[in-house]
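Worksheet for the structure shown next.
In my numbering, the protein residues as written are 122 to 845.
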């Protein structure tokens, strides 16, 4: 993508209104926390104390809107403590550049490295840098600095107390994550009615798994409805895919296909009802005809073989979903997953045990090619340089420039530039709005305090609709706070706009000077995904060779690793498409074709998983040999992809040729899916071919399409697979 087009996309993204559900009650509660600390501080102390209290309450309240699965009150307390600490430490070094600048650089670098833990930690850490920058305007003693730090921490405490006293949608984020998973599988089932090879994005499953990890204290209070349905969605997904697939499920045409479509449509209705039940915590009504459709008649059932097995398994799983939809999440009515008590929830470290986890995560990112490390270096450099430049300008409040830089910078190009554009636009609009109101109302600390609370509430309300629109009211909030403290609004307008423009320009320039482009890393991400998919497919095959509990556990671990590798690839691929960088290693067309091939490869493994035999089933020794060949070839192919060599599937070809219809035809489904995997790997090799003189890429692609068309005509299965 060229720079001009990339910048156009940046402007469009920065000013886009995101369609999301507003949460006015949450915004009202958080704005009330700001009001509770501003009012008494104005009445009992001074506007300066009120401004400090508002800083802590506003920032701590904003932190609770970040996506996190920890209790909101813990986030508010942590944000308040971090802000108070940065305020106090910043004051100790303030007054001389020789002490303040090194501290600012180190603190900003640490805030940048906090992204190694997650986006919430990175965003909250960035606010502490802003708090440190503001403290340089406090010409007071160490005792007064402690007082201001305590007032800032009090703002976080107030927000935490309000969350404790007035809970709104308790476990709401967790309910939404689980409901979104069931709704995603329902949508998948509906799309399979018309496209038997429709793709499925596993992101909702990954999000639900992340939300399911809880601490022991959370596990004691978690609603029972949040225990089992995630695993139910995981089990239903491959079953509906196997039922719809014309190769291993229902036939492409005829009564069997009609029956499969009925089952898929009913499955979607039941899963949607279960999703509504979990989201709202109330019993949901299931369509009255669902029970009739889900009855598999021994005599009149038109589905046969693997398709019938998939239908029976789907009916069994949907019975559990019907229980969830009917219970509404009532205690004691929701089915819980089997297994020992210690395995009923995924463990999340408590805040006290999080430190070793954070240290390990940061240590893994301390390398030059890490996007997090490069972001931390940029953040430290821009914060110190911005403060130096702004301090030399004939403007007050020079800290606004580095604050603008720190708050817009992200580890990737697109979000950094989009937020810089959004912040400038929102700041100009917010300052203009606040200026007009100040001019009309005149100077009054109490009026300004009330307007600051209203602006904070509007900022919280719009926080998920787009950064520019939330930033508009954030800018107005800052203007009103400064007006409450006695600052002249005429000076505030000019300073805020000029310094915000300077800070945004520095943030954008820093990414050009020291970028962390994803485009050159695409080949490595693709290789990681290929190797992970190979391990997952091999683990599934070993369950056919020897179905044991250990092999099932290995299959589950390999599946999760494959999803993580796919998510890493997808994130890198999406970012690379927005970067103004020439492709290196993989062109956009090659990356897209390779992605589709790997999706088909993973889908074939998923279809195998849906028919994994039980412990009393007969073994398929050929599956073990094919698993070894598949794992070895994909591991070597991952190395070849990184080094831009053509992958070779010699061992896979040899193992598949030696299979020879699985001896006494014990598992024809596995044999068919193994063929599909081989075809997908061949398509991958064609997509990433980097030696046109040795291999005619165009001819190879045409040959592959012709072979797929002939195979489809010969077995009547319809068009070749298109999605993963």
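Quick reminder that beta carbons are idealized off the backbone N, C-alpha and C, glycines included. Since this is a predicted model, take the numbers as computed values, not measurements.
In the same chain as residue 223, and ignoring 5 residues on each side of it, no C-beta atom comes closer than 7 Å to its own. Collapsing the DSSP output to three states places residue 423 in coil.
By the CB criterion at 8 Å, residue 292 and residue 343 fall inside the cutoff.
About 6 Å separates the Cβ atoms of residue 398 and residue 445, confirming a contact at the 8 Å cut-off. In the structure shown, residue 166 falls within a coil segment according to DSSP collapsed to helix, strand and coil.
With respect to residue 431, residue 360 sits close: the two C-beta atoms are nearer than 8 Å. Non-local beta-carbon contacts of residue 683 in its own chain, meaning distances under 7 Å to residues more than five positions away in sequence, involve 653, 654, 657 and 723 in chain order.
Per DSSP, reduced to three states, the secondary structure at residue 468 is strand. The C-alpha of residue 467 is placed about 38 Å away from the C-alpha of residue 157.
Assignment of beta-bridge partners to residue 660 by DSSP yields no partner.
Assignment of residue 446 by DSSP, reduced to helix, strand and coil, places it in the helix class.
When the Cα atoms are used, residue 481 and residue 127 turn out to be separated by approximately 35 Å. The segment 325-337 makes no contact with the segment 368-376, as fewer than three CB pairs between them are under 8 Å. With fewer than 16 neighbouring CB atoms inside 10 Å of its own CB, residue 565 falls in the exposed class.
Under the criterion of beta carbons closer than 8 Å, residue 329 and residue 351 qualify as touching, at roughly 5 Å. Annotated three-state conformation of residue 373 is coil, per DSSP.
From the listed residues 441, 309 and 363, the smallest Cα separation to residue 793 is found for 363.
Counting only runs of at least 4 residues, the segment 215-267 fully encloses the following alpha helix (DSSP H) elements, listed from N- to C-terminal order: 218-234 and 240-255. Across the structure, residue 757 and residue 648 are spaced so that their CA atoms are roughly 10 Å apart. Here residue 405 carries a coil assignment [DSSP, helix/strand/coil]. Approximately 6 Å separates the beta-carbon atoms of residue 442 and residue 392; this is inside 8 Å, confirming the contact. Beta-carbon to beta-carbon, residue 593 and residue 624 are separated by about 17 Å, too far to satisfy the 8 Å threshold. The beta carbon of residue 769 sits closer than 6 Å to none of the beta carbons in its chain outside the five residues before and after it. Residue 315 counts as exposed, since fewer than 16 other beta carbons sit within 10 angstroms of its beta carbon. Burial state of residue 699 is buried, judged by a 10 Å Cβ sphere holding 16 or more other Cβ atoms. Within the same chain, 364, 414, 432 and 435 come within 7 Å of residue 384 by CB-CB distance, once the 5 residues on both sides are set aside. Shown here, residue 395 sits in a helix according to DSSP, grouped into three states. With a beta-carbon spacing of about 6 Å, residue 159 and residue 174 fall inside the 8 Å limit used to define contacts. Distances from the alpha-carbon of residue 129 to those of 144, 629, 539 and 275 put 539 closest.
Residues of the same chain with a CB within less than 6 Å of the CB of residue 597, apart from the 5 flanking positions on each side, are 551, 554, 555 and 576 in chain order. With 16 or more other CB atoms across the displayed protein chains lying within 10 angstroms of its CB, residue 754 is buried. In this chain, the alpha helix (DSSP H) harbouring residue 672 covers 670-697.
In this structure, residue 672 sits away from residue 427, with a CB-CB distance that is not shorter than 8 Å.
In this chain, the alpha helix (DSSP H) harbouring residue 595 covers 588-605. Residue environment for residue 690: buried (at least 16 other C-beta atoms within 10 angstroms of its C-beta). Boundaries of the alpha helix (DSSP H) around residue 778: 771-780.
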